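Down below is the structure, laid out as structure tokens.
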Amino acid sequence: MTVVGTAIRLPSTKRVGMSIEPPESTVSPPEGSPEGPVSAPSRRTFIATTAVGGAVVVGGLTAGQSVFGAEPADAAEAPPGSRVSLTVNGERRTVTVDNRTSLLDLLREHLGLTGSKKGCNAGACGACTVLVDGRRVNSCLTLAVRLEGAEVTTIEGLAKGERLHPLQQAFIDQDAFQCGYCTSGQIMSGVGCIDEGHTGSPEEIREFMSGNICRCGCYVKIVRAVEQTAHGK
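When we follow the numbering used here, the leftmost residue of the sequence shown carries the number 1, and every step to the right adds one.
Have a look at this one:
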């Protein structure tokens, strides 16, 4: 049996250095157009043209401008701020803060009270718990500008001089912490829980302190510390 092969002619190529480029092709205009065939640029010509064009555009910008027309950084307006006066651990404080500042950032960044911890910064872990007018709040979710005239108590304000708050002492007695990161929030939440009267049973304490997470798993000893303080056990 005889096999007759069909010869296929490939378009000629032009070898330049180590690269191979097809010749420039032509694009036929739509039927009826008065224009003749238009020569399509090669890949090399296209890249060279766009590179030079981009350099011209960027080079023509004046100082302080960007490709996207953004304003210089120093021209941006400062965010709005407000003065707020509140009592923190018995001391009257007045500060000017960005309207978006949380109570947690006010305490830590403006007043230097770093006992309240920033854990999740979303109100889910309880590490930032403080008392505002005697009520437990997540300070990371509380806007500072809304606390005009409020009374805030943090972990730094519990002790009376060298004498620890009874719940602070109970945490030591019951060994109710390991790494300590959540401890300030746990203690502040425990103080609120006791003041609210939710210490009738271990189950009630766990329920009303369920917003405070301890990654070390010291929950049993934390409950015992709250019981010791509430009932003198």
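The C-beta atom is built at its ideal place from N, Cα and C for all residues, glycine as well.
All figures in this text were calculated on a predicted structure; none of them were measured in a lab.
### Task
Would you please verify whether the beta carbon of R136 is less than 9 Å from any beta carbon of chain B?
This model lacks chain B altogether; it includes just one protein chain.
### Query
With 16 as the cutoff for other CB atoms within 10 Å, does G161 come out buried or exposed?
exposed
### Task
Measuring alpha carbon to alpha carbon, tell me which of C216, S189 and S85 ends up nearest D175.
C216
### Task
Just grab the DSSP bridge partners of G81 for me.
D98
### N- and C-terminal bounds of the beta strand (DSSP E) containing E204
Careful: E204 lies outside any beta strand (DSSP E), inside the alpha helix (DSSP H) at P202 to F208.
### Query
Based on Cα-Cα distance, which residue from C128, C193 and G192 lies nearest to I213?
C128
### Message
Mapping the DSSP letters down to three states, classify K117 as helix, strand or coil.
### Response
coil
### Message
Report the start-end ranges of each alpha helix (DSSP H) in the segment 115-198 that is 4 residues or longer and not cut off at the edges.
### Response
166-173 and 183-196
### Extent of the continuous alpha helix (DSSP H) run through I222
Y219 to H231
### Message
With distance defined between alpha-carbon atoms, name the residue in V220, M209, P202 and E207 nearest to T231.
### Response
The sequence shown places His at residue 231, rather than the Thr named in the question. That would be P202, whose Cα lies nearest to the Cα of H231.
### Task
Taking only the alpha-carbon atoms, compute the straight-line gap between R224 and G81 and give it to the nearest angstrom.
44 Å
### Message
On the DSSP bridge list, what partners appear for R93?
### Response
L86
### Message
Any contact between the segment 165-179 and the segment 111-127? By contact I mean 3 or more CB pairs, one from each, below 8 Å.
### Response
no
### Proximity winner among E207, F208 and V191, relative to Q228 (alpha-carbon distances)
V191
### Task
Measure the beta-carbon distance from C218 to Q178 and round it to whole angstroms, keeping in mind my assumption that it falls under 8 Å.
6 Å
### Task
Go ahead and label A159 buried or exposed: buried means 16 or more other beta carbons lie within 10 angstroms of its beta carbon, across all protein chains shown.
exposed
### Task
Please state if the CB of M188 and the CB of L245 are separated by a distance shorter than 9 Å.
Because the chain spans 1 through 233 in this model, residue 245 falls outside it and cannot be assessed.
### Query
Taking just the CA atoms, how far does I155 sit from L113?
9 Å
### Message
Distance check for E77 and G197, CA to CA, integer angstroms please.
### Response
49 Å
### Query
Which word fits D105, buried or exposed, when buried means at least 16 other C-beta atoms lie within 10 angstroms of its C-beta?
buried
### Task
Please report how far the alpha carbon of K221 lies from the alpha carbon of N138, in whole angstroms.
23 Å
### Query
Can you tell which of G200, K118, Q169 and G185 has the C-alpha that lies nearest to the C-alpha of T153?
G185
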